[in-house]
């Protein structure tokens with residue numbers, strides 16, 4: 419007689435072993451990473467609970483959340499039974515929410531140096547696989563009032579049009595703006611194209627009296643300020 423496969427459900431476990439119940443009772447900070455992921459994916463397989471599936475996933479990435487957060491839904495789900503593209507997408511969405519929360523934990527963060535820009539934008543930009551350009555709109559006290567991705571692709575003065583950058587700045591009544599973009603290579607050294615595009619935008623800003631006060635390039639855990647480097 420072949421053995422019967424029983425579906426292992428979290429709700430069949432003792433209450434103190436169920437992640438969601440423990441989250442309600444003790445708070446999310448008390449849960450292991452695998453338990454938090456289990457709550458996100460909700461169900462396991464006929465042979466494994468959601469927690470066990472989550473543990474297999476973490477083992478695949480050697481426990482590195484950074485590596486996990488860099489992958490797409492196909493890469494995340496690959497080789498993990500019970501973890502399809504939908505559940506992998508739920509994990510990706512959770513990471514993105516975390517990035518956005520980390521970037522703007524403060525309601526209106528104040529910028530006093532390029533370090534502040536890096537602190538706000540590093541977590542959401544350092545792991546991007548493509549170059550993206552963000553614009554930070556500032557008020558008269560250098561508080562960030564709004565930020566938005568304006569462009570994706572290598573910066574080039576012949577491609578980036580000031581109209582797109584300053585349309586956003588005008589909509590938000592910005593007193594000034596800061597440009598922020600990333601280098602997927604991890605090296606934040608500015609290229610000739612970066613410098614040319616920045617100078618073009620500075621000129622455009624001077625005409626409409628919305629100055630570009632800095633351009634910060636985000637690398638892997640490091641950054642370069644064109645203003646500090648005397649390149650603008």
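In the numbering used here, the protein residues as written are 419 to 650.
From the three backbone atoms N, C-alpha and C, an ideal C-beta is built for every residue, glycine too.
Helix, strand or coil at residue 559 according to DSSP, with G and I counted as helix: coil
Close beta carbons around residue 419, own chain, < 8 Å, minus the five adjacent residues each side: Confidence is the limiting factor: at residue 419 the pLDDT is only 40, short of 50, which leaves the residue's position unreliable, though a coordinate-based value still follows. Result list for residue 419: empty, nothing under 8 Å.
Using the DSSP secondary-structure output, state which residues sit across from residue 569 in a beta bridge. 551
Whole angstroms is fine: what's the gap from residue 423's alpha carbon to residue 469's? Here the model assigns residue 423 a pLDDT of 45, short of 50, so the residue's position is not dependable, and the following value carries that caveat. Cα-Cα distance, rounded: 18 Å.
Could you give the distance in angstroms between the alpha-carbon of residue 613 and the alpha-carbon of residue 634? 11 Å
Three-state secondary structure assigned by DSSP to residue 530: coil
What residues in its chain sit with their C-beta under 7 Å from that of residue 638, if we drop five residues either side in the sequence? 544, 604
What would DSSP say about residue 452, mapped onto helix, strand or coil? helix
Taking only the alpha-carbon atoms, compute the straight-line gap between residue 471 and residue 444 and give it to the nearest angstrom. 23 Å
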